[in-house]
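Trainee: In the numbering used here, the protein residues as written are 49 to 377. Questions regarding the structure given below will be posed in turn.
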């Protein structure tokens, strides 16, 4: 298929910057040649495609992304082109799920990492889209919630830590997650959580397994096993076993911060021995985390969601075939 009508959503603040992201949006629309384009004003898409229909909004950031995703889906567009990073893609998917929509997305990777499964095409490969046909593919996702409220979807991982990977002055760096929640991009130092009351458990029908507690909780990561990457790699431990038996996801609790850009050999050697625990996940299971406090932040696909307090209870679950993505064929 080739979508004849598309919505266009641009995150101007994604890793490559506003001008580059708008250039990418223009190029992908030129490659697709749709009959109709519906987008947001100015840097949200309108500046890239002057002939497009504009949906007025004064919103910015994730709120603008989610508003535009819902409006595009309600307008009956055949697909949504999203220019941004993993977090932007997850914001669009979250809005579609909340709105009860099943509109497929075409994600153009313009963020800091672009490793999630919602990325259909990397920025450098846009020229390959000209004349392409596309196939809709169902993608598994993670539900990230706190205190019985769903906060976000993730398609790469859900992390509880102190920093996120981001771009600052064109460089890939570790950003302080608490400062990010306050709207500031500030370099942060990854550090383990190690709250005395911390507890991570896996709840399954009729069974509860403690994954880690107290000082053993340095970082919590829930992500997909993606079997093709793990076969034969015994160093990955429990993740390898999850992949071998065909289970979709798992939770790793590690004594040290894992999501980081900067790490020296001396830092690693001084931290050794490092220990981790791992459990596999099915759709029937849930990871529950409690007893953490600042600087612990719940993050989905690199997007900080909430500063955690000791009374907060985080719940993370895996859902299969959650959204549809267009893949070039």
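Here a beta-carbon is modelled for each residue, glycine too, at the ideal position from N, C-alpha and C. Bear in mind the structure is a predicted one, so any value in this text is a computation, not a measurement.
Mind checking which residues open and close the alpha helix (DSSP H) that includes residue 109?
Mentor: Taking the first residue of the chain shown as position 1, residue 109 is located at position 61. Where residue 109 is concerned, the enclosing alpha helix (DSSP H) stretches over 109-122.
Trainee: Could you name each continuous beta strand (DSSP E) segment of 3 residues or more that falls completely within the stretch 165-209, going from the start of the chain to the end?
Mentor: For the stretch 165-209, whole beta strand (DSSP E) runs of length 3 or above, ordered along the chain, are 167-170, 182-194, 197-202, 205-209.
Trainee: Taking residue 131 as part of the beta strand (DSSP E), name the residues at either end of that continuous run.
Mentor: The residue labelled residue 131 in the question sits at position 83 within the chain shown. Taken as a continuous stretch (DSSP letters only), the beta strand (DSSP E) holding residue 131 covers 127-132.
Trainee: Please state if the CB of residue 60 and the CB of residue 92 are separated by a distance shorter than 8 Å.
Mentor: Here residue 92 refers to the residue found at position 44 when the chain shown is read from its first residue. Here residue 60 refers to the residue found at position 12 when the chain shown is read from its first residue. For residue 92 and residue 60, yes; Cβs fall inside 8 Å.
Trainee: Please return the same chain residues whose Cβ sits closer than 6 Å to the Cβ of residue 141, not counting the five positions on each side in sequence.
Mentor: For the purposes of this step, residue 141 is taken as residue 93 along the chain shown, with counting starting at 1. Taken in chain order, the residues that qualify are 201, 371.
Trainee: Could you spell out where the alpha helix (DSSP H) holding residue 74 opens and where it closes?
Mentor: Here residue 74 refers to the residue found at position 26 when the chain shown is read from its first residue. Unbroken alpha helix (DSSP H) run through residue 74: 66-80.
Trainee: Which residue comes first and which comes last in the beta strand (DSSP E) that contains residue 219?
Mentor: The residue you call residue 219 lines up with position 171 of the chain shown. Here the beta strand (DSSP E) through residue 219 covers 219-224.
Trainee: Could you check the C-alpha separation between residue 328 and residue 250 for me, to the nearest Å?
Mentor: Taking the chain shown and counting its residues from 1, the one referred to as residue 328 is at position 280. Taking the chain shown and counting its residues from 1, the one referred to as residue 250 is at position 202. Their backbone Cα atoms lie some 9 Å apart in a straight line.
Trainee: When you compare each of 120, 151, 163, 118 to residue 132 by their alpha carbons, which one comes out closest?
Mentor: Here residue 132 corresponds to residue number 84 of the chain shown, with the count starting at 1. Among 120, 151, 163, 118, the Cα nearest to that of residue 132 is on 163.
Trainee: Just verifying my parser: in three-state terms, what is the DSSP assignment at residue 352?
Mentor: On the chain shown, position 304 is the one that residue 352 refers to. Note: residue 352 maps to strand in three-state DSSP.
Trainee: Suppose the cutoff is 6 Å on Cβ atoms and the five residues either side in sequence are ignored; what does the same chain contact list for residue 183 look like?
Mentor: The count along the chain shown starts at 1 and reaches residue 183 at position 135. Taken in chain order, the residues that qualify are 375, 377.
Trainee: Here's the rule: buried if 16 or more other CB atoms are within 10 angstroms of the residue's CB, otherwise exposed. What is residue 83?
Mentor: Taking the first residue of the chain shown as 1, we reach residue 83 at position 35. Exposed, because fewer than 16 other Cβ atoms sit within 10 Å of the Cβ of residue 83.
Trainee: Who are residue 460's beta bridge partners in DSSP?
Mentor: The displayed coordinates of the chain run from 49 to 377. Any statement about residue 460 would go beyond what the structure contains.
Trainee: Which of the three DSSP states, helix, strand or coil, is assigned to residue 311?
Mentor: Here residue 311 corresponds to residue number 263 of the chain shown, with the count starting at 1. Residue 311 falls in the coil class under three-state DSSP.
Trainee: Beta strand (DSSP E) containing residue 249: first to last residue?
Mentor: For the purposes of this step, residue 249 is identified with residue 201 of the chain shown, where counting begins at 1. Counting along the chain, the beta strand (DSSP E) containing residue 249 begins and ends at 247-252.
Trainee: Could you pull the start and end residues of the alpha helix (DSSP H) that residue 286 belongs to?
Mentor: Mapped onto the chain shown, residue 286 falls at position 238. 286-292 is the extent of the alpha helix (DSSP H) around residue 286.
Trainee: Could you have a look at residue 141 and say whether DSSP puts it in helix, strand or coil?
Mentor: Your numbering for residue 141 matches position 93 in the chain shown. Residue 141 falls in the helix class under three-state DSSP.
Trainee: On a Cα-Cα basis, can you pick out the residue from 62, 54, 287, 348 that is closest to residue 151?
Mentor: Taking the chain shown and counting its residues from 1, one reaches residue 151 at position 103. When only C-alpha atoms are compared, the closest one is 54.
Trainee: Would you decide whether residue 232 is buried or exposed? Buried here means 16 or more other CB atoms lie within 10 Å of its CB.
Mentor: Your numbering for residue 232 matches position 184 in the chain shown. Exposed, by the Cβ-count rule.
Trainee: So residue 234 and residue 248 are in contact, right, with Cβ under 8 Å, and what is the actual spacing, rounded?
Mentor: As a position in the chain shown, residue 234 is number 186, starting the count at 1. As a position in the chain shown, residue 248 is number 200, starting the count at 1. About 28 Å; that fails the 8 Å criterion.
Trainee: What are the boundary residues of the beta strand (DSSP E) that residue 299 is part of?
Mentor: By 1-based counting over the chain shown, the position of residue 299 is 251. It spans 297-302 - the beta strand (DSSP E) in which residue 299 sits, taken as one unbroken run.
Trainee: Might you give, ordered along the chain, the residues of its own chain that have their beta carbon closer than 8 Å to the beta carbon of residue 71, omitting 5 neighbours on each side?
Mentor: One-based indexing of the chain shown puts residue 71 at position 23. So the list reads 96, once near-sequence residues are dropped.
Trainee: Would DSSP call residue 376 helix, strand or coil?
Mentor: To locate residue 376, count along the chain shown from 1; it is residue 328. In this structure, residue 376 counts as strand in the three-state DSSP scheme.
Trainee: Would you mind stating whether residue 246 and residue 340 have Cβ atoms separated by less than 8 Å?
Mentor: Taking the chain shown and counting its residues from 1, one reaches residue 246 at position 198. Taking the chain shown and counting its residues from 1, one reaches residue 340 at position 292. Yes, these two residues count as a Cβ contact at 8 Å.
Trainee: State the start and end residues of the unbroken beta strand (DSSP E) segment that holds residue 216.
Mentor: Against the chain shown, residue 216 aligns to sequence position 168. Taken as a continuous stretch (DSSP letters only), the beta strand (DSSP E) holding residue 216 covers 211-216.
Trainee: With 16 as the cutoff for other CB atoms within 10 Å, does residue 74 come out buried or exposed?
Mentor: Position 26 of the chain shown, counted from the start, is the residue given in the question as residue 74. That one is buried.
Trainee: From the DSSP output, which residues share a beta bridge with residue 93?
Mentor: Working through the chain shown from its first residue, we reach residue 93 at position 45. Answer is 88.
Trainee: Using alpha carbons as the reference points, say which of 298, 267, 253, 263 lies closest to residue 273.
Mentor: Residue numbering aside, residue 273 sits at position 225 when the chain shown is read from its first letter. With distances taken between Cα atoms, residue 273 lies closest to 298.
Trainee: From this set, 79, 193, 216, 107, which residue's C-alpha is nearest residue 169's C-alpha?
Mentor: Along the chain shown, one-based indexing puts residue 169 at 121. For the residues 79, 193, 216, 107, the minimum Cα distance to residue 169 belongs to 79.
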